[in-house]
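> Input: one structure, supplied below.
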Amino acid sequence: MTIKEVQNEIIRLKKEKDICILAHSYQAREILEVADFTGDSYALSKLAATTKNSTVIMCGVRFMAETVKMLSPEKKVILSCPVAGCPMAEQMDVELITQLKKMYPDYIVVAYINTTTELKTVCDVCVTSSSAVKIVKQLDAENIIFIPDCNLGAFVAKQIPEKNIKLLQGGCPVHAAITAEEAENAKKSHPNAELLVHPECIPAVSEQADYVGSTSGIMDYAVKSDKKEFIIGTETSIAEHLQYMCPDKRFYPLSKNLICPNMKATTLVDVLNCCKGDGGEEILLDPDTIAKARKCIDKMIELGG
Ligand code: 13P
Ligand code: SF4
């Protein structure tokens, strides 16, 4: 079968079986083309709460599929590729955070959405990269423990100096590996380009950027900008998608190492198999865990707007 034939079969099965496909912007182009909705973690969470279809296939990583299930427990939710997890989501566990809450009773716990459902049961509010600053600003609490990403946390703390934000040593192994020197060298190699980076990068990289934002934020910025050249400091797929969207502009990945193997794990054939009912993994969460964990997702949507 050609790519086009596989795509046509997916589109046919979607209609026949009342399936909605959500795809994170890091997915391959041929997957984005068959998706009903694409976007960053925040946009996908909001869409997950409103979609009417009886089955949702999430092309992304496990915590994203779990978020869909939490918001739509009555739906059949399938993670397109069962091995696609986010390593950052596994970095901290319930025990650690419960201990911290005992040590710091006057702090509230703000969790990046890149966490497990289990961990969300002991957190107060979730944020995504695009909503973190807006949400933390609105919190009544002054004292905050931000988990697990210390780089996103440092970015938020810098925007909101009036809050006392404690960080833990977690983060994205893909983004955090980019060095300040790589950013300097990329800027020297492309002196006319603007540097756009994800807040999961270390502060020494973000500080050199012209824009820091989520995957969708970076894409919107580049599409709307009058500038012609951009160095893209997030997963290389974003530079590739932007190059197709804006053929008159030039996009350079900040590093060829900015590849998330988990986000790249889903193939178009995985999506086809999910539509056939013969692939992926159905997400099953017990109702009690959903009830405890979704409070912080609901609060994120309430404050994130
Ligand atoms: P976004 O919310 O910006 O899409 O980020 C998700 C993610 O996993 C980035 O590495
Ligand atoms: Fe997780 Fe980083 Fe991959 Fe995003 S890029 S899914 S944070 S490992």
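Quick note on numbering: the sequence shown equals residues 1054 to 1358 in my numbering. Beta carbons: idealized from backbone N, C-alpha and C, even for Gly.
Anyone know if the C-beta pair for I1255 and L1307 falls short of 9 Å?
No.
> Starting from the Cα of T1268, find the closest Cα among H1294, D1279, A1318 and give me that residue.
Residue H1294 is the option with its Cα nearest to T1268.
> Any chance you could list the beta strand (DSSP E) runs of at least 3 consecutive residues sitting entirely within the stretch 1177 to 1216, in chain order?
If we require 3 residues or more, the beta strand (DSSP E) runs fully inside the stretch 1177 to 1216 come out as 1178 to 1180, 1196 to 1200.
> Near A1164, which residues of its chain fall below 7 Å by C-beta distance, leaving aside the five closest residues on each side in sequence?
Cβ within range, chain order: L1172, K1173, C1176, C1179, I1200, C1349.
> Taking C-alpha atoms, which residue in P1314, D1193, I1271 lies nearest to S1360?
What is shown of the chain runs 1054 to 1358, which leaves residue 1360 out entirely.
> Less than 9 Å between the C-beta atoms of H1077 and V1114, yes or no?
In this structure, V1114 lies closer than 9 Å to H1077 by Cβ.
> Closer than 8 Å to a non-hydrogen atom of the ligand FAD - does that hold for the CB of C1225?
Absence of the ligand FAD is noted for the structure shown, with the ligand 13P and the ligand SF4 being the only ligands found.
> Applying the criterion that 16 or more other CB atoms from any shown protein chain within 10 Å of the CB defines a buried residue, is A1101 buried or exposed?
A1101 should be labelled buried.
> Tell me, please, which residues DSSP counts as bridged to F1304.
F1283, per the DSSP bridge assignment.
> Taking 8 Å as the cut-off, does the stretch 1273 to 1283 touch the stretch 1313 to 1328 (at least 3 CB pairs, one atom from each stretch)?
With a cut-off of 8 Å, the stretch 1273 to 1283 and the stretch 1313 to 1328 do not count as touching, because too few Cβ pairs lie within range.
> Within 10 Å of its beta-carbon, does L1337 have 16 or more other beta-carbons around it, so buried, or fewer, so exposed?
Exposed, since its Cβ has fewer than 16 Cβ neighbours within 10 Å.
> Around the C-beta of I1056, are 16 or more other C-beta atoms found within 10 angstroms, so that it is buried, or is it exposed?
When all chains shown are included, I1056 counts as exposed.
> Which of the three DSSP states, helix, strand or coil, is assigned to Y1157?
Three-state result, Y1157: coil.
> Once you ignore the five residues that flank I1063 on each side, which residues in its own chain have a CB closer than 7 Å to its CB?
Hits under 7 Å: V1087, V1324, L1325, C1328.
> Say yes only if the C-beta of M1145 is nearer than 8 Å to one or more non-hydrogen atoms of the ligand SF4, and no if none qualify.
Checking every heavy atom of the ligand SF4 against the Cβ of M1145, none is found closer than 8 Å.
> Is the separation between the beta-carbon of I1354 and that of K1099 shorter than 9 Å?
In contact: I1354 and K1099 (Cβ atoms closer than 9 Å).
> Can you tell which of H1251, E1237, L1220, D1273 has its C-alpha closest to the C-alpha of Q1261?
The shortest Cα separation from Q1261 among H1251, E1237, L1220, D1273 belongs to E1237.
> Using a Cβ-Cβ distance under 9 Å, would K1329 count as near chain C?
Protein chains in the displayed structure number just one, and chain C is not present.
> Suppose the cutoff is 7 Å on Cβ atoms and the five residues either side in sequence are ignored; what does the same chain contact list for C1203 look like?
Once the five neighbours on either side are set aside, the close Cβ partners of C1203 are L1220, L1221, Q1222, G1223, G1224.
> Sorted by chain position, which residues of the same chain lie with C-beta nearer than 7 Å to F1208's C-beta, five sequence neighbours on each side aside?
Around F1208: P1252, S1259, V1265.
> Indicate whether L1075 and C1134 have their beta-carbon atoms separated by less than 9 Å.
Not closer than 9 Å, so no.
> For V1109, which three-state DSSP category applies?
In the structure shown, V1109 sits in a strand (DSSP, three-state: E or B).
> Tell me the rounded alpha-carbon separation between G1332 and K1129.
Straight-line Cα distance between these residues: approximately 13 Å.
> Is Y1264 near the ligand 13P, judged by its Cβ being under 8 Å from some heavy atom?
It does not: the Cβ of Y1264 is nowhere closer than 8 Å to a heavy atom of the ligand 13P.
> Using CA coordinates, which residue listed in K1155, F1116, E1195, P1126 is at the minimum distance from N1315?
That would be F1116, whose Cα lies nearest to the Cα of N1315.
> Using a threshold of 8 Å, is the CB atom of E1293 nearer than that to any non-hydrogen atom of the ligand SF4?
False, no ligand heavy atom lies under 8 Å from that Cβ.
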